[in-house]
Amino acid sequence: MSLKIIVLAKQVPDTRNVGKDAMKADGTVNRAALPAIFNPEDLNALEQALRLKDEYPGTTVTLLTMGPGRAAEIIREGLYRGADGGYLLTDRAFAGADTLATSYALSMAIRKIKDFDIIICGRQAIDGDTAQVGPQVAEKLGLSQITYAEEIQKIEKSNITVKRRLERGVETVEGKLPLVVTVNGSAPECRPRNAKYIQKYKHAKTITEKQEATIDYTDLFSNRPYLNLVEWNVVDVNADVVQCGLSGSPTKVKKIENVVFHAKESKTLEPTDANIDELMKELITNHTIG
Amino acid sequence: MANYFLDTPALKHHLHHPLMKRIVELKERNYTDKDSFDYAPYDYEDAMDSYEKVLEIVGEICDEIVAPNAERVDQEGPKVKDGRVTYASGTQQNLDAVRKAGLMGISMPRRYGGLNFPITPYIMAADMVSRADAGFENLWGLQDCAETLYEFGNDDQRQRYIPRVCAGETMSMDLTEPDAGSDLQSVMLKATYSEKDGCWYLNGVKRFITNGDSDIHLVLARSEEGTRDGRGLSMFIYDKKNGGVDVRRIENKMGIKGSPTCELVYKNAKAELCGERKLGLIKYVMALMNGARLGIMAQAVGLSEASFREGYAYASERKQFGKAIIEFPAVYEMVALMRAKADASRAMLYETSRFVDVYKALDDISRERKLEPEERQEMKKYGKLADAFTPLGKGMTTEYANQNAYDAIQIHGGSGFMKDYACERLYRDARITNIYEGTTQLQVVAAIRHVTTGTYLTKIREYEALEYKPELEDLRQKLIEMTSRYDEVVGLALEPKDSEYLDFHARRLVEAAGHCIMGYLLLQDANKDEENFRRSAEVYISYGQAEVNKIYSYITSFDREDLGYFKVND
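Going line by line, the protein sequences match chains A and B. Just so you know, the working numbering puts 209 at position 200 of the first sequence, and the rest follows in order with no gaps. Just so you know, the working numbering puts 582 at position 225 of the second sequence, and the rest follows in order with no gaps.
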């Protein structure tokens, strides 16, 4: 049995290493100050896809990412780890998308790819933490979904068995292909980049990147067709421009505040039962706890 | 997140040495592999870019997996049960990572599944792995053995074994026996040829075998009955799949505890001859050991670097008497000297690896076609330099690794004596580097002939004649002075034509040559990259000059008659 897997991946600012320049004065994320990385849980998702590829020979893993031109790096990162190809969805019209507009654009691209058995993505991205895009893509494509997956245990015919990580334990569920799986951060970490793949794919470029490239290996891209990364815009995926980007995003940011934490006051209590009781009541009343 | 390749600019600096162009051109046979392998480079720049990218992968794995596992691996160690070894769980995790990253068989040709990298970038990977966990370097670095199998095995053997190593199977070199340590001529493991089965059988015991439960072993055994010296020894390949070798015990060691050191029992173990009979020790093992010594140099450099970093970090954080202890001259001198020794060691390591690279690439080409006269000349020149620099470098760098590890603990004070800090593990791990693959004393034995025949001096004079920036002239003058003192004491030691007297001073002479050479290498580094190497060049050359003066003073004032006082057993 061979599978066709699409992995949804996002390039995100590395919010785990936030410095003082992480936010702009207007309260938006200063993307230039933060390194752009492969969203961590999407890497967990990629690993699940690659494990299926290891287990079922002939399986192909294709990445799909939406973002600016530099997000092509996400596809290369996937190729370096064992993926077979990828699509970059990029267009000014996609910019400013909330989860609804994002899932719309992704679902249109997936319709264009057409042929797939499983869509795997990370549970959520570290920049927005919404966990909405995977489920919304499933809804838009009319597919069932298994969220919080920790391990895709097996696939038999068109049945998939998945272990889910829940708040208070694990649950094993079955589903029918095709479907969407969102993978939890507790799933195994992604394998490292591979020395051969990185040498094989390091020249892989989208058409825009090729135009900007300074090194020109003239026959490279015709001799090695897999180095040409597919780049799609709104028109390529037959998307309705109004439903994309800012115009397709009902989420509006009303106000952003910079919050600076200060220790305003401190008090010292004698360690008596009465004092502790009093403190607990106070903390519950002002919603510090509970 | 750090990356061991990106956070050490010296690596990129050494990778881009001008000699690399020649090395890569030879190794890549003018870039002909690109038509048959999708991961082969197009040209020199493409190849260099590939080395950097792969070294970045190594740097990442070292930082994210190998280094964080090191402490636990050190505590847990490998186990032996029913004759088989199980690695510590962290070791297993490290091995999985390097296998998945395709970092086995790095220097092997692509047709066998390797990456066809020159030795230099491979050794850079070893440098980083050692910094992360010197014990793990032993397992990973045993892929060196494939080099020997490739050089001396036949085509059929290469095809059967090398792709397995590239796919991640491990190797070992089974040389030492209870009565044959430094003196390998005494190896007694018996190899008997069976006409009936058309194969060899091995019987006997090996001891101190690193990774002795490996998948593929290279074994030194006595194939010529009745012989007692090195000429009766041959090299064999033992495949674990055939069975016949059990691990009787693993040693409880002081350091590099993650690496299983095994006692092996061979009971009619089926084996095949590698290369020709009787050349086992005198040719193949000598080649194997030279490769392994370069690996130990890399291990020493990694440990020196790690020790410097631990010492520097602690000295910067630890406050006493109201300030960070690195503010005190007694401490900052120590830290600066550690940095200088690590940089000097690294310069020596890559100078040596480049010599080995040119020599080996030409040697390999000579298997495919007859070399042109100038190529033969080139091969001879670099072969000799590799021969001279390997023992000198192994001796110097492993002693420095020990000194740096010692100083790292000293900087930590009482805390360094506790198990809470990494420096105590580095200290234990470093201690073996100047012992195995030939003790420093044996490196001196190999190096002294290059002192007496002038190989080192000729090379030093070449370094001296290079062009340096005017601001480095003072340093160059110091080195010229050191060289002349070195030259003078070599003359003094040779003058009486007494080999015992020469042997007595040999280590001093070899070290003096080392100080001159390493000083010049750092001078060249500083000439190219002032920011990263000037400080180390200044510090090291001052130190080296004082050391050479000490040696000079000792030898010039030494009375040959006094040799008797040293013979404690007389």
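C-beta atoms are modelled at their ideal positions from N, C-alpha and C, and glycine is treated no differently.
Here S539 of chain B carries a coil assignment [DSSP, helix/strand/coil]. Taking 9 Å as the CB threshold, I414 of chain B lines the interface with chain A. Any Cβ of chain A closer than 9 Å to the Cβ of A524 of chain B would place that residue at the interface, and such an atom is absent. Interface with chain A (9 Å Cβ-Cβ cutoff): S407 of chain B is included. Non-local C-beta neighbours of Y595 of chain B in its own chain, meaning closer than 7 Å and more than five positions away in sequence, comprise L559, H574, V576, V602, A626, A628, ordered along the chain.
Proximity of the region 80-89 of chain A to the region 104-114 of chain A falls short of the contact definition, fewer than three beta-carbon pairs being nearer than 8 Å. For L575 of chain B, the enclosing beta strand (DSSP E) stretches over residues 573-579. The beta-carbon distance between F362 of chain B and V415 of chain B, rounded to whole angstroms, is 7 Å. This is short enough to meet the 8 Å contact definition. Per DSSP, N53 of chain A is one residue of the alpha helix (DSSP H) stretching across 49-64. Three or more Cβ pairs drawn from the region 704-721 of chain B and the region 734-743 of chain B lie within less than 8 Å of each other, which places the two stretches in contact. Contact annotation for A42 of chain A against chain B: no contact, minimum CB-CB distance about 16 Å [criterion: below 8 Å].
Inter-residue distance for A196 of chain A and Q450 of chain B is about 16 Å (C-alpha atoms, whole angstroms).
The Cβ atoms of G871 of chain B and A894 of chain B do not sit closer than 9 Å to each other.
Residue pairing for I128 of chain A: DSSP places it in a beta bridge opposite A:I15, A:V189. For N761 of chain B, the enclosing alpha helix (DSSP H) covers residues 730-769. G95 of chain A: member of the beta strand (DSSP E) spanning 94-98, first to last residue. Closest in alpha carbon position to D392 of chain B, among B:N495, B:R782, B:R467, is B:R467. Between R488 of chain B and A704 of chain B, the beta carbon gap of about 16 Å keeps them out of contact (Cβ cut-off 8 Å). The shortest CA-to-CA distance from Y778 of chain B to any of B:T755, B:F685, B:E428 is the one to B:E428.
Shown here, F362 of chain B sits in coil according to DSSP, grouped into three states, outside any helix or strand. DSSP places Q20 of chain A within a strand segment (E or B) once states are collapsed to three.
For the options B:Q656, B:Y641, B:Y518, the alpha carbon positioned closest to that of K598 of chain B is the one of B:Y518. If you ignore the 5 residues before and after I128 of chain A, its C-beta comes within less than 6 Å of the C-beta of I15, V189, all in its own chain and listed in chain order. Under the 10 Å beta carbon count, P617 of chain B is surrounded by 16 or more other beta carbons and is classified as buried. Taken in chain order, the members of the region 388-399 of chain B whose beta-carbon sits within less than 8 Å of a beta-carbon on chain A are D395, Y396, A397, P398, Y399.
Here G632 of chain B is near S591 of chain B, since their CB atoms are less than 9 Å apart. Taking all protein chains in view, the Cβ of I164 of chain A is crowded by 16 or more other Cβ atoms within 10 Å, so the residue is classified as buried.
If you ignore the 5 residues before and after L115 of chain A, its C-beta comes within less than 8 Å of the C-beta of L17, L73, M75, L98, V142, V146, all in its own chain and listed in chain order.
In this structure, the beta-carbon distance from E413 of chain B to N473 of chain B does not fall below 9 Å. DSSP places I164 of chain A in the uninterrupted beta strand (DSSP E) bounded by 153-165. Under the 10 Å beta carbon count, R202 of chain A is surrounded by 16 or more other beta carbons and is classified as buried. Annotation: the continuous beta strand (DSSP E) that includes V171 of chain A extends over 168-175. At a beta-carbon threshold of 8 Å, none of the residues of chain A lie near I639 of chain B; the nearest stands roughly 35 Å away. A Cβ-Cβ separation of about 6 Å places R200 of chain A in contact with E56 of chain A under the 8 Å criterion. Not a single C-beta of chain B is nearer than 9 Å to the C-beta of Y65 of chain A. Taken through DSSP and simplified to helix, strand or coil, R386 of chain B comes out as coil.
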